[in-house]
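K.L.:
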Amino acid sequence: MLREEFLKILQAGEEGGALPEQDLLFLLSCREEGESEALYKAANRVRQRHVGDEVHLRGIIEFSNFCIQNCLYCGLRRDNRAISRYRMALAEILEAAKKVRSEGFRTIVLQSGEDPWFTQERISFLIQSIKEHTDLTITLSLGERPYADYSAWRKAGADRYLLKYETSSPLLFRRLRPGTELTDRLRALSGLRELGYEVGSGNMVGLPGQSDEDLVRDIQVFRQFDFDMIGIGPFIVHPQTPLGSAANGRLERTLKVLAITRIVTRDTNLPATTASGVLDPNGRRQAMLAGANVIMPDITPPRYRQHYQIYPGKAVMAVDRQTITEMISSLGRRISQGSGRRIRSRKI
Ligand code: 5AD
Ligand code: SF4
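Heads up: the sequence shown begins at 442 in the working numbering, then just goes up one per residue.
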């Protein structure tokens with residue numbers, strides 16, 4: 442039985458009403474049978490109406506797993522001595538980018554840990570080389586760097602930047618990311634926007650100590666910042682980290698946050714995250730039915746991919762393009778041929 446109040450809030454959201462905090466909390470904490478399904482379906486309709494049936498693919502190249510940060514949840518943290526570290530050479534990254542373009546991708550995401558070896562100049566050179574040889578849209582995901590770096594890379598031709606803020610709780614942020622502050626992260630995001638990047642952000646769901654209220658605040662930050670892309674993934678335990686004995690985030694809770702985010706943000710790009718697929722073989726498919734419209738396949742060369750262990754199980758998620766195409770067409774959707782820029786829908 443769906444409760445009347447639940448239906449009323451859901452309908453108001455679907456019609457574009459600005460839901461207050463307690464309504465978002467109500468949707469997130471729904472437990473009655475059938476209510477999560479109704480939430481996913483509403484998000485799926487909003488997705489259809491505002492961004493259509495096209496699915497954007499973005500190929501990710503993880504070019505370095507060195508990181509100077511020590512996030513408690515992440516396998517790449519600097520104190521983890523159990524992984525072997527690698528850095529791809531600039532020429533190697535360029536070759537991988539060309540290959541990606543020849544396979545039909547229009548966007549690449551260049552991702553790494555926070556690795557100072559890749560100086561402002563080296564990254565600028567890389568961006569220019571990729572732009573010279575391909576017509577790829579370039580997304581950078583290199584963590585927090587000085588504004589001057591972001592500015593130089595934008596001038597060199599970078600189009601987008603991805604910087605998750607992970608959690609909008611200042612306390613949790615500080616506890617999980619020692620030595621860093623949420624305010625600096627949010628300032629970096631504003632800087633990126635000011636420089637004309639398309640800006641992506643996102644969070645993790647199910648972090649130890651994270652409450653429903655924290656997640657609702659995450660959704661409100663998504664709305665305030667009006668991000669062009671928002672990645673929402675479950676926390677997955679990595680045994681070689683200080684959170685090694687915590688519990689995984691739950692897929693259902695992740696899908697709820699995703700669905701509410703779709704309903705609230707209308708036309709933003711929302712990936713079906715790899716982490717959702719790691720928790721459950723059907724996770725990405727379920728996310729595609731709960732508001733997502735983007736998939737980001739890992740196209741890191743296999744000999745490196747196995748070492749980019751942010752969390753376990755990630756490397757085996759590198760499915761081939763055909764499997765993804767089949768999944769998308771089985772949902773009655775199609776792969777976009779465009780660059781996947783966010784297109785603002787009319788405010789309905
Ligand atoms: N589980 C899920 N996602 C994680 N990330 C880092 N560690 C984990 C984990 N244990 C995500 C963060 C970060 C991105 C690089 O990977 O959201 O932004
Ligand atoms: Fe480094 Fe990012 Fe992992 Fe933190 S989450 S340790 S910044 S790669």
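Backbone N, C-alpha and C define an ideal beta-carbon position, used for all residues, glycine too.
Note that the structure is predicted; figures quoted are calculated from it, not measured.
Given a cut-off of 8 Å on the beta-carbon distance, is the pair residue 735 and residue 712 in contact?
P.N.:
On the sequence shown, position 294 is the one that residue 735 refers to. On the sequence shown, position 271 is the one that residue 712 refers to. Yes, Cβ-Cβ distance for residue 735 and residue 712 is below 8 Å.
K.L.:
Check whether the Cβ of residue 518 sits closer than 7 Å to any heavy atom of the ligand SF4, and report yes or no.
P.N.:
As a first step, residue 518 is located in the sequence shown; it is residue number 77 there, counting from the start. True, at least one ligand heavy atom lies under 7 Å from that Cβ.
K.L.:
In angstroms, rounded to a whole number, what distance separates the CA positions of residue 633 and residue 444?
P.N.:
Against the sequence shown, residue 633 aligns to sequence position 192. Against the sequence shown, residue 444 aligns to sequence position 3. Residue 633 and residue 444: Cα-Cα distance of roughly 42 Å.
K.L.:
Rounded to whole angstroms, how far is the Cβ of residue 709 from the Cβ of residue 660, which I believe are closer than 8 Å?
P.N.:
Locating residue 709 in the sequence shown gives position 268, counting from the first residue. Locating residue 660 in the sequence shown gives position 219, counting from the first residue. Not really, about 12 Å apart at Cβ, beyond 8 Å.
K.L.:
Does the ligand 5AD have a heavy atom nearer than 7 Å to the CB of residue 674?
P.N.:
The residue you call residue 674 lines up with position 233 of the sequence shown. For the ligand 5AD, at least one heavy atom lies less than 7 Å from the Cβ of residue 674.
K.L.:
Does the Cβ of residue 643 lie closer than 7 Å to at least one heavy atom of the ligand SF4?
P.N.:
Mapped onto the sequence shown, residue 643 falls at position 202. Incorrect: residue 643 has no Cβ contact closer than 7 Å to the ligand SF4.
K.L.:
Would residue 611 be called buried (16 or more neighbouring beta carbons within 10 Å of its own) or exposed?
P.N.:
Your numbering for residue 611 matches position 170 in the sequence shown. Classification of residue 611: exposed, given that the 10 Å Cβ count is below 16.
K.L.:
For residue 498, which residues does DSSP report across the bridge?
P.N.:
By 1-based counting over the sequence shown, the position of residue 498 is 57. Paired residues: 736.
K.L.:
Is residue 502 near the ligand 5AD, going by C-beta to nearest heavy atom under 7 Å?
P.N.:
Position 61 of the sequence shown, counting from 1, holds the residue named residue 502. No; taking the cut-off as 7 Å, the Cβ of residue 502 has no heavy atom of the ligand 5AD nearer than that.
K.L.:
Helix, strand or coil: which one does DSSP assign to residue 465?
P.N.:
Here the question's residue 465 lines up with position 24 in the sequence shown. Reduced to three states, the DSSP call for residue 465 is helix.
K.L.:
Below 8 Å on the Cβ atoms is my contact criterion, and I expect residue 564 with residue 748 to pass it. Report the Cβ-Cβ distance as a whole number of Å.
P.N.:
Working through the sequence shown from its first residue, we reach residue 564 at position 123. Working through the sequence shown from its first residue, we reach residue 748 at position 307. The Cβ separation is near 21 Å, so there is no contact.
K.L.:
Report the option in 511, 650 and 685 whose CA atom is closest to the CA atom of residue 619.
P.N.:
Reading the sequence shown from its first residue, position 178 is the one you call residue 619. Ranking 511, 650 and 685 by Cα distance to residue 619 puts 511 first.
K.L.:
In the DSSP assignment, find the unbroken alpha helix (DSSP H) run with residue 579 in it and report its ends.
P.N.:
Position 138 of the sequence shown, counted from the first residue, corresponds to residue 579. Counting along the chain, residue 579 falls outside any alpha helix (DSSP H), though it belongs to the beta strand (DSSP E) covering 578-582.
K.L.:
Just the C-alpha distance for residue 721 and residue 533, rounded to the nearest angstrom, thanks.
P.N.:
For the purposes of this step, residue 721 is identified with residue 280 of the sequence shown, where counting begins at 1. For the purposes of this step, residue 533 is identified with residue 92 of the sequence shown, where counting begins at 1. Distance between the alpha carbons of residue 721 and residue 533: 33 Å.
K.L.:
For residue 509, count neighbouring C-beta atoms within 10 Å of its own C-beta (all shown protein chains included) and say buried if the count is 16 or more, exposed if not.
P.N.:
Position 68 of the sequence shown, counted from the first residue, corresponds to residue 509. Exposed, since its Cβ has fewer than 16 Cβ neighbours within 10 Å.
K.L.:
State buried or exposed for residue 651, treating a residue as buried only when at least 16 other CB atoms are found within 10 Å of its CB.
P.N.:
Here residue 651 is taken as the residue at index 210 of the sequence shown, counted from 1. Under this definition residue 651 is a buried residue.
K.L.:
Report whether the distance from the Cβ of residue 515 to the nearest heavy atom of the ligand SF4 is below 7 Å.
P.N.:
As a position in the sequence shown, residue 515 is number 74, starting the count at 1. Under cutoff, so the answer is yes.
K.L.:
Could you say if the segment 686-698 and the segment 638-648 meet the contact criterion of at least three C-beta pairs nearer than 8 Å?
P.N.:
The answer is yes - the segment 638-648 touches the segment 686-698, with three or more Cβ pairs under 8 Å.
K.L.:
What residue does the alpha helix (DSSP H) around residue 651 start on, and which one ends it?
P.N.:
What you label residue 651 is simply residue 210 of the sequence shown in a count that begins at 1. Looking at the DSSP string, residue 651 is not in any alpha helix (DSSP H), and its letter there is neither H nor E.
K.L.:
Would you say the beta carbon of residue 510 is closer than 7 Å to some non-hydrogen atom of the ligand SF4?
P.N.:
Within the sequence shown, numbered from 1, the residue matching residue 510 stands at position 69. Yes, since a heavy atom of the ligand SF4 falls inside the 7 Å radius drawn around the Cβ of residue 510.
K.L.:
Nearest to residue 738 by CA position, among 502, 469, 567 and 492, is which residue?
P.N.:
Taking the sequence shown and counting its residues from 1, one reaches residue 738 at position 297. Ranking 502, 469, 567 and 492 by Cα distance to residue 738 puts 502 first.
K.L.:
Going by C-alpha distance, which of 668, 718 and 696 is nearest residue 785?
P.N.:
Reading the sequence shown from its first residue, position 344 is the one you call residue 785. Out of 668, 718 and 696, 668 has the C-alpha closest to the C-alpha of residue 785.
K.L.:
Using the rule of at least 16 other Cβ atoms within 10 Å of the residue's Cβ for burial, across every protein chain shown, is residue 789 buried or exposed?
P.N.:
Translated into positions along the sequence shown, residue 789 becomes position 348. The predicted model places residue 789 with a pLDDT of 46, which falls under 50 and marks its position as unreliable; any figure quoted below should be read in that light. Per the 10 Å Cβ criterion, exposed.
K.L.:
Could you give the DSSP three-state label for residue 789: helix, strand or coil?
P.N.:
In the sequence shown, residue 789 corresponds to position 348, counting from 1. Note that residue 789 scores a pLDDT of 46, beneath 50, so its modelled location is shaky and nothing firm can be said.
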